Amino acid sequence: MDTSSHDSDGSLASRAFHDSPQGGPCSRRLRDALDAPADWRFLDRLAAPLADALNGLPLGRSRDLLHGVWLGHPLHPALVQLPIGCWISAELLDSLPGNRRAAGVLVAAGLATAGPAAVAGWADWASLDPPRRRTGLVHAAANTTGVLLFAASLLARCRHRPLRGRLLGLAGLTAVSVGGVLGGQLSYRQAAGPNRAAAVHRLAPPDWIGVGPVEDFPPGEPVRRTVDGLAVVVVHDTEDRWHVLAERCAHLSGPLAEGTVVDGCLRCPWHGSEFRLRDGEVVRGPATAPQPVLQARALSGHLEIRLPGAG
813 MDTSSHDSDG
823 SLASRAFHDS
833 PQGGPCSRRL
843 RDALDAPADW
853 RFLDRLAAPL
863 ADALNGLPLG
873 RSRDLLHGVW
883 LGHPLHPALV
893 QLPIGCWISA
903 ELLDSLPGNR
913 RAAGVLVAAG
923 LATAGPAAVA
933 GWADWASLDP
943 PRRRTGLVHA
953 AANTTGVLLF
963 AASLLARCRH
973 RPLRGRLLGL
983 AGLTAVSVGG
993 VLGGQLSYRQ
1003 AAGPNRAAAV
1013 HRLAPPDWIG
1023 VGPVEDFPPG
1033 EPVRRTVDGL
1043 AVVVVHDTED
1053 RWHVLAERCA
1063 HLSGPLAEGT
1073 VVDGCLRCPW
1083 HGSEFRLRDG
1093 EVVRGPATAP
1103 QPVLQARALS
1113 GHLEIRLPGA
1123 G
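Structure follows, in structure tokens:
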């Protein structure tokens, strides 16, 4: 799916990164360097068709497995611990005598586990908006460079060239460290992975509060309302039940009120995440966190909502 329509939002976020007053000149220059890829629009010539190709792959439910829907948060950050841990351990063993064989085994183990981590990362990357896709592409390039260097390191070790293998391993660890820093930039500073709806339960009204007359909510049509500053989406289903969810998608804050109701689920218009109306559970990713659901009741011709379990 083309996410170019979200580019302006991402660019504003990117520019906001540059305005941080913290740290000295060196710190600011480092942050500027890490922020910069989000504005490299020339990367879109590669990123856009690649994202379309990845999203078009017939992965079925395997795509949700890669996203981490079953886990409740993205799978990629957990998987990358395996190759990185192996490679750091290999370099430490290289610094001690008599451990060359063990170091080589760890380099090979890191290469074996890098594949699944990369596949999960590409699955998440394909659902990002353009600014975050640009940073993610540079992150992937650094990690790919690291993998190639470690593969060369393993080959050198197998050919009994330990010094060459060690130096290539150090270069590989440097490359994946750069990739890791960019991954942190993408995940935390640019907020590509967090649950965007995590604060809803702290913002939802604890007591019953009206959201409008029941006739304002046609059956089967998502309707947006704002209550005490909290945006919610109301769905009146064909069985005369009321469902109220947080309106901004937990994945990348897509407007669920512009989505569609499909088989008892609400589908996000941006990336196709589907949330079960009755409890907000993720039926289809790329979202991994459930969408917050509020309690609803129709009383005297008016719809009221509150935080579940309150009162």
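Read in order, the letters of the sequence shown are residues 813 to 1123 in this note's numbering. The beta-carbon is built from N, C-alpha and C at its ideal position, and this holds for glycine as well. Nothing here was measured: the structure is a model prediction, and the numbers come from that model.
CA-CA distance, residue i and residue j?
| i | j | result |
| --- | --- | --- |
| residue 999 | residue 943 | 13 Å |
| residue 822 | residue 945 | Confidence at residue 822 is low in this model, with a pLDDT of 47, below 50, so its placement is unreliable and the value that follows should be read with caution. Roughly 10 Å separates the two Cα atoms. |
| residue 910 | residue 958 | 25 Å |
| residue 1028 | residue 1049 | 13 Å |
| residue 1052 | residue 1112 | 15 Å |
| residue 872 | residue 884 | 18 Å |
| residue 934 | residue 860 | 13 Å |
| residue 993 | residue 950 | 11 Å |
| residue 866 | residue 970 | 35 Å |
| residue 882 | residue 972 | 44 Å |
| residue 905 | residue 914 | 7 Å |
| residue 894 | residue 956 | 15 Å |
Under 7 Å Cβ to Cβ from residue i, same chain only, skipping five residues before and after it: list those, please.
| i | result |
| --- | --- |
| residue 886 | 879, 880, 936, 1005, 1100 |
| residue 756 | Examination of residue 756 is not possible in this model, given that the chain is present from 813 through 1123 alone. |
| residue 980 | 961, 964, 965, 968 |
Spatial neighbours of residue i within its chain, please: C-beta separation below 8 Å, excluding the five flanking residues on both sides.
| i | result |
| --- | --- |
| residue 907 | none |
| residue 1108 | 1046, 1054, 1055, 1056, 1115, 1116, 1117 |
| residue 1013 | 1104, 1119 |
| residue 1066 | 1060, 1080, 1081, 1082, 1083, 1085 |
Under DSSP, the alpha helix (DSSP H) around residue i begins and ends at which residues?
| i | result |
| --- | --- |
| residue 998 | Residue 998 -> no alpha helix (DSSP H), and no H or E assigned at all. |
| residue 916 | 912-937 |
| residue 903 | 893-906 |
| residue 959 | 942-970 |
| residue 1015 | 1012-1015 |
| residue 794 | No answer is possible for residue 794: the residues shown for the chain start at 813 and end at 1123. |
| residue 877 | 874-879 |
| residue 837 | 837-847 |
Going by DSSP, what residue range makes up the beta strand (DSSP E) through residue i?
| i | result |
| --- | --- |
| residue 1048 | 1042-1048 |
| residue 1096 | 1094-1096 |
| residue 1101 | Segment: none, residue 1101 is in no beta strand (DSSP E) and carries neither H nor E. |
Strictly by DSSP, which residues pair up with residue i?
| i | result |
| --- | --- |
| residue 1078 | 1073, 1087 |
| residue 1022 | 1116 |
| residue 810 | The requested residue 810 does not occur in the structure, where the chain is confined to residues 813 to 1123. |
| residue 1108 | 1117 |
| residue 861 | Bridge partners of residue 861: none, in fact. |
Cutting at 6 Å between CB atoms, please list the residues of its own chain near residue i, excluding the five before and the five after it.
| i | result |
| --- | --- |
| residue 850 | 826, 943, 946, 947 |
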